[in-house]
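Q:
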Amino acid sequence: MFRTIEELVNLADQQHIAISEVMIRTEMETTGRSREDIFSKMSRNLEVMEQAVQRGINEDIKSRSGLSGGDARKLQAYLKNKQPLSGTVLLDSVSKAMATNEVNAAMGTICATPTAGSAGVVPGVLFGLQSKLHPSREQMVDFLFTAGAFGFVIANNASISGAAGGCQAEVGSATGMAAAAAVELAGGTPEQSAHAMAIALANMLGLICDPVAGLVEAPCVKRNAIGASSAIVAADMALAGIKSLIPCDEVIDAMYRVGRMMPVALRETALGGLADTKTGRALKKQIFGSDAQSSMIKEQ
Amino acid sequence: MKYRSVFDIIGPVMVGPSSSHTAGAAKIGRMARKLFGVRPERVIITLYGSFAETYKGHGTDVAIVAGLLDFDESNKRLPESLQIAEELGIDISFHIDKNTQVEEPNTARIHLATGDDELELVGVSIGGGKIEITEVNGFSISLSGSNPALLVLHHDKYGSVAEVAGLIAKYEKNISYMEVSRQKKGSLALMVIQTDEEIDEGMAAEISGLPNILNVAVLS
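If you read the protein sequences in the order shown, they are chains A and B. Each residue of the first sequence is one higher than the one before, counting from 1 in UniProt numbering. Each residue of the second sequence is one higher than the one before, counting from 1 in UniProt numbering.
What follows is the structure in structure tokens.
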């Protein structure tokens, strides 16, 4: 059992095993379930993620509000026809992150990682790196266990809820998780994974949750997109030997305390930030009407 | 430790768009349904905090009703729950309470009734689809979420607690925490039991078949 990233990294180092393996053994210990059982459940989650990505980049996805959909496909077309400024792996990851969130916004089936609003980053990075690193199916499942191990510490020591801690707790956490898992998939050490997560999460500190019209669409889809790109850059930095000055557990603690200081208007209430711009307010009015309610609903 | 399993982080598989406002809301509704035991005739749902501000965009109302219909968070019919409930003749009303200060941002109170039977439950969605139940029929309950939990609604009669505890022992599960509350002597009572091991549906079903036991809900 581990409660901090330091303990997680130590467990992996002492036993000469990967972070993913620490997570699998911990899950076996706490739930009493077999390795096969746990592994196959995670494999099913991977399948759900893959289906969402495929739907998002191939089908014509549009949310009910019309605020999101179709951007993942635009990026895929751009990748096919143009030379991107950033890089093909990076933009493919970004496109696959967007694909997931577009499917989510359209009330499609996704796997929360760690939440639905931040569900794009981890699969975006994983399926984006696929063409570069050619992982086996088992390695792809392990990627999710590693991401889950890092997310587990954040969820228990800080928060993964936008309503409690802002977007830093959702897309910020997802970005840190994906960065750490990308390091392991690329052959980095557990310590490098921890630095990748610290670098990625530190860059997200203070990020507010300000959904336009209260919908998990704007800016959520694009924040997942940039989150996926940040995760890969942070992983590259850690793999190059760059360290986070502030240890990962302290970055998580800082994220928690920043979330506690964040005013309620900036924590998933759609009362501040982009939701409270001229265009944001106009879109809300356009989608929901002024305050038109069904007869079922009484506001007080 | 609020989160116990890696599948609290990588999961659940769910219908979008929000793990806290959609999947968590569906789970709160389903806990209420399980504890009530039957499809309710009348339901009053009160939303507080961020639930009250953004329920429309996240489908929180739709998701709670889906849970009350016993749909889980991955059920593809979740988006149609309001129409389905209407066809079934369930009388549902929503109160959006933006004024009451709540400790947790995503809080819902659900009151269910069929004939003279009533149940009221308060649930909190804490993020990533994980929920906590903080109140049942006016009793505050403290569940840390660090262990699987059983909520057992029963008649306040001698032997009920012993029978349930005995059955849990038969399944070789260890009780780590237990509390029993009742409104008055001989009335309805609620057992809240946390175990070290996962609770399987088979055990829950067997408990609900014991004498004096009304309904059983599992919070994993």
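C-beta atoms are modelled at their ideal positions from N, C-alpha and C, and glycine is treated no differently.
Could you name the residues that DSSP lists as bridge partners for B:T46?
A: According to DSSP, which records beta bridges pairwise, B:T46 is partnered with B:H95, B:R109.
Q: Rounded to whole angstroms, how far is the Cβ of A:G273 from the Cβ of A:I226, which I believe are closer than 8 Å?
A: Not quite, the Cβ-Cβ distance comes to about 16 Å (not below 8 Å), so this is no contact.
Q: Can you tell me which of A:R260, A:T269, A:E250 puts its alpha carbon nearest to the alpha carbon of A:E6?
A: Considering only alpha carbons, the answer is A:E250.
Q: Quick check on B:F36: does DSSP put it in helix, strand or coil?
A: Helix.
Q: Cβ-heavy atom distance between A:A270 and the ligand FAD below 6 Å?
A: You won't find the ligand FAD in this model; it holds no ligand whatsoever.
Q: Quick one: list the residues of chain A neighbouring B:S187, beta-carbon separation under 7 Å, in chain order.
A: The premise fails here: B:S187 is roughly 31 Å from chain A at the closest Cβ pair, so nothing lies under 7 Å.
Q: Since I believe A:I57 is in contact with A:S95 (beta carbons under 8 Å), could you give me their beta-carbon distance rounded to a whole number of angstroms?
A: The pair is a contact, with the Cβ atoms about 6 Å apart (cut-off 8 Å).
Q: Rounded to whole angstroms, what's the CA-CA distance from B:T107 to A:K132? Just pull it up for me.
A: Between B:T107 and A:K132, the C-alpha separation is close to 44 Å.
Q: Would you mind working out which of B:G159, B:D196, B:M14 sits nearest B:Y177, comparing C-alpha positions?
A: Comparing Cα positions, the closest option is B:D196.
Q: Please state if the CB of B:S181 and the CB of B:D156 are separated by a distance shorter than 7 Å.
A: Contact: no.
Q: Compare the C-alpha of A:G120 against each of A:L79, A:A147, A:E299, A:D142 and name the closest.
A: A:G120 has its Cα closest to that of A:A147, out of A:L79, A:A147, A:E299, A:D142.
Q: Give the range of the beta strand (DSSP E) segment to which B:Q194 is assigned.
A: Its beta strand (DSSP E) spans residues 188-195.
Q: For A:N104, decide whether its Cβ has a neighbour in chain E, counting only Cβ atoms nearer than 7 Å.
A: Here chain E cannot be found, since the structure's protein chains are A and B.
Q: Taking the Cβ atom as the reference point for each residue, do B:T114 and B:P40 lie within a distance shorter than 7 Å?
A: Yes. Within cutoff.
Q: What did DSSP end up calling B:I126 once you bin it into helix, strand or coil?
A: Note: B:I126 maps to strand in three-state DSSP.
Q: Restricting to runs no shorter than 3 residues, where is the beta strand (DSSP E) found entirely within the stretch 76-153 of chain A?
A: Correct list: 109-111.
Q: In its own chain, which residues sit with a C-beta less than 6 Å from the C-beta of B:S50, not counting the 5 before and 5 after it?
A: These residues qualify, in order along the chain: P105, N106.
Q: Between the beta-carbon of A:A231 and the beta-carbon of A:A200, is there less than 7 Å?
A: Yes, they are a contact pair.
Q: Note down, in chain order, each residue of its chain lying with its Cβ closer than 7 Å to the Cβ of residue 335 of chain A, except the 5 sequence neighbours on either side.
A: As shown, chain A starts at 1 and ends at 300. That puts residue 335 of chain A outside it, with no answer to give.
Q: Just how far apart, CA to CA, sit A:L239 and A:H134?
A: A:L239 and A:H134: Cα-Cα distance of roughly 18 Å.
Q: Within a Cβ cutoff of 6 Å, which residues of the same chain sit near A:C248, ignoring the five residues on either side of it in sequence?
A: Closer than 6 Å at Cβ, skipping near neighbours: I5, A194, M197, A198.
Q: Between A:E170 and A:S118, is the Cβ-Cβ spacing less than 7 Å?
A: Taking 7 Å as the Cβ cut-off, A:E170 and A:S118 qualify as a contacting pair.
Q: Start and end of the alpha helix (DSSP H) containing A:Y256?
A: That run of the alpha helix (DSSP H) goes 248-261.
Q: Specify, as a first and last residue, the run of the alpha helix (DSSP H) that B:M203 falls within.
A: Run containing B:M203: 201-208, per the alpha helix (DSSP H) assignment.
Q: Flag this pair as yes or no: are the beta carbons of A:A182 and A:A235 separated by less than 7 Å?
A: Cβ distance < 7 Å, so A:A182 and A:A235 count as in contact.
Q: I need the boundaries of the beta strand (DSSP E) containing B:L153, first residue and last residue.
A: Run containing B:L153: 149-155, per the beta strand (DSSP E) assignment.
Q: Just to make sure I have the definition right: I need the residues of chain A whose C-beta is within less than 8 Å of the C-beta of B:A23. Which are they?
A: Within 8 Å Cβ-Cβ: A112, A116.
Q: How long is the line joining the alpha carbons of B:N147 and A:V153, rounded to whole angstroms?
A: Computed Cα separation, rounded: 17 Å.
Q: Are any of the Cβ atoms in chain B nearer than 7 Å to that of A:E27?
A: Yes, because at least one Cβ of chain B sits closer than 7 Å to the Cβ of A:E27.
Q: Give the DSSP bridge partners of B:L219, in chain order.
A: DSSP, once it has assigned bridges, lists B:A149 as partnering B:L219.
Q: Report buried or exposed for A:A292, applying the criterion of at least 16 other Cβ atoms within 10 angstroms of its Cβ.
A: Note on A:A292: pLDDT 42, under 50, position unreliable in the model; the coordinate value appears next. Flag for A:A292 reads exposed.
Q: Restricting to Cα atoms, I'd like to know which of B:V164, B:A165, B:M191, B:Q101 is closest to B:I141.
A: The option with the nearest alpha carbon to B:I141 is B:M191.
Q: Can you name, in chain order, every residue of its own chain whose Cβ lies under 8 Å from the Cβ of B:M203, other than the five neighbours on each side?
A: L167, I168, Y171, K173.
Q: Can you tell me whether A:A282 is buried or exposed, with buried defined as 16 or more other CB within 10 angstroms of its CB?
A: A:A282 comes out exposed.
Q: Give the single residue among A:M296, A:A228, A:R257 whose Cα lies nearest to the Cα of A:S86.
A: If we check each option's Cα against that of A:S86, A:A228 comes out closest.
Q: Shortest alpha-carbon distance to B:V102 belongs to which of B:V122, B:G127, B:A25, B:R77?
A: Taking only the C-alpha atoms, the option nearest B:V102 is B:V122.
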